[in-house]
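Let me begin by presenting the structure, written as structure tokens, before commenting on it.
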Ligand SMILES: C[SH](C)CC(=O)O
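Numbering (the working numbering), first residue to last: 17 to 282.
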């Protein structure tokens, strides 16, 4: 609970995202590991968390959020990760591409492109910033693809045409995955597939690829953030490995906040 007993005070809240996200499990574990008894983790959404950050930042008020990289917020605000000596948020991770079983038979071109999809954090950040600045995600994807034909050619190398066959991609509305899913979806479309993008929660995202109702997702944060979901479905999915490396999760505060470690919150 919070110390005052009335409406929660901001100094004892960590602003998180939707409850099922892996970073929320990591945050709950951190609060236990570091003994943050009188703190509460506020559940909401990725968008709501960023709205809170903007509000606090403009007022130079204390705010602690569950943050991750890559993210456009690090180029919009002066932010820092709190040290996590217990490594509760895991180390540097990667985002994997997961496809349904049988995709290699049903849509070999899409299977090839999804298997070859790989880009750098700088690439993802470019698209994320465009979207944050107001460009429609599909438009931002198209512009990035036009400016990086060399990289896209590596993804589509050897891929058969889609001939209008349907491909359904699922993703969660994290800024990272809004960017990546629109880019790979646009590449598949340009390769002749009839692509639909479906925004879901993280559990249904894994479940729909495992049960074949979706064809693929490019949003599995491994080896720790999504480990539970991965272990639940690993026998029913095909893991193509990383499409991006060097991610990071943690508790994030504005630089003006005089706190440097999660231990300082006790
Ligand atoms: C983009 S977030 C780190 C993903 C998650 O927490 O499940």
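Backbone N, C-alpha and C fix where the C-beta goes; we use that ideal spot for every residue, glycine too.
Predicted model, so just to flag it, every value in this text is computed and none were measured.
Can you list, in chain order, the residues of its chain whose CB lies under 6 angstroms from that of residue i, leaving out five sequence neighbours each side?
i: residue 252; result: 226
i: residue 232; result: 115, 130 and 185
i: residue 182; result: 210
i: residue 273; result: 78
i: residue 144; result: 88, 191 and 195
i: residue 86; result: 137, 140 and 141
i: residue 120; result: 127
i: residue 84; result: 265
i: residue 68; result: 31
i: residue 60; result: none
Taking the C-alpha atoms as reference points, what is the distance between residue i and residue j?
i: residue 137; j: residue 180; result: 31 angstroms
i: residue 237; j: residue 76; result: 32 angstroms
i: residue 78; j: residue 270; result: 8 angstroms
i: residue 118; j: residue 281; result: 49 angstroms
i: residue 94; j: residue 268; result: 10 angstroms
i: residue 142; j: residue 34; result: 25 angstroms
i: residue 70; j: residue 96; result: 15 angstroms
i: residue 74; j: residue 265; result: 24 angstroms
i: residue 213; j: residue 241; result: 23 angstroms
i: residue 40; j: residue 82; result: 8 angstroms
i: residue 53; j: residue 150; result: 40 angstroms
i: residue 275; j: residue 123; result: 51 angstroms
i: residue 30; j: residue 55; result: 7 angstroms
i: residue 229; j: residue 158; result: 26 angstroms
i: residue 247; j: residue 222; result: 10 angstroms
i: residue 133; j: residue 243; result: 22 angstroms
i: residue 64; j: residue 32; result: 9 angstroms
i: residue 135; j: residue 80; result: 29 angstroms
i: residue 250; j: residue 72; result: 40 angstroms
i: residue 220; j: residue 201; result: 19 angstroms
i: residue 189; j: residue 152; result: 14 angstroms
Give me, in chain order, the residues of the same chain whose beta-carbon lies closer than 7 angstroms to that of residue i; leave out the 5 immediate sequence neighbours on both sides.
i: residue 255; result: 112 and 114
i: residue 203; result: 129, 161, 168, 171 and 172
i: residue 37; result: 218
i: residue 205; result: 211
i: residue 199; result: 143, 157, 160 and 161
i: residue 47; result: 55 and 57
DSSP puts residue i in a beta bridge; with which residues?
i: residue 56; result: 29
i: residue 116; result: 253
i: residue 210; result: 182
i: residue 97; result: 268
i: residue 109; result: 263
i: residue 258; result: 112
i: residue 81; result: 31 and 268
By a C-beta neighbour count over all protein chains shown, 10 Å radius and 16 as the cutoff for buried, is residue i buried or exposed?
i: residue 42; result: buried
i: residue 259; result: buried
i: residue 163; result: exposed
i: residue 262; result: exposed
i: residue 166; result: exposed
i: residue 224; result: buried
i: residue 257; result: exposed
Pull up the CB-CB distance for residue i and residue j, whole angstroms please, since I reckon it's below 8 angstroms.
i: residue 194; j: residue 147; result: 6 angstroms
i: residue 15; j: residue 140; result: Since the first and last residues shown for the chain are 17 and 282, residue 15 lies out of range.
i: residue 239; j: residue 109; result: 7 angstroms
i: residue 125; j: residue 176; result: 4 angstroms
i: residue 89; j: residue 66; result: 6 angstroms
i: residue 216; j: residue 245; result: Actually they are not in contact, since the Cβ atoms of residue 216 and residue 245 sit about 12 angstroms apart, beyond 8 angstroms.
i: residue 235; j: residue 187; result: 5 angstroms
Ligand 2 and residue i: does the residue's C-beta get closer than 8 angstroms to at least one heavy atom of that ligand?
i: residue 103; result: This structure simply doesn't include ligand 2; it includes ligand 1 instead.
Whose C-beta lies closer than 8 angstroms to the C-beta of residue i among residues of the same chain, with five residues either side of it excluded?
i: residue 50; result: 102, 104, 278, 279, 281 and 282
i: residue 207; result: 125, 126, 129, 172, 175, 177 and 178
i: residue 99; result: 276, 277, 278 and 279
i: residue 44; result: 57
i: residue 91; result: 141 and 145
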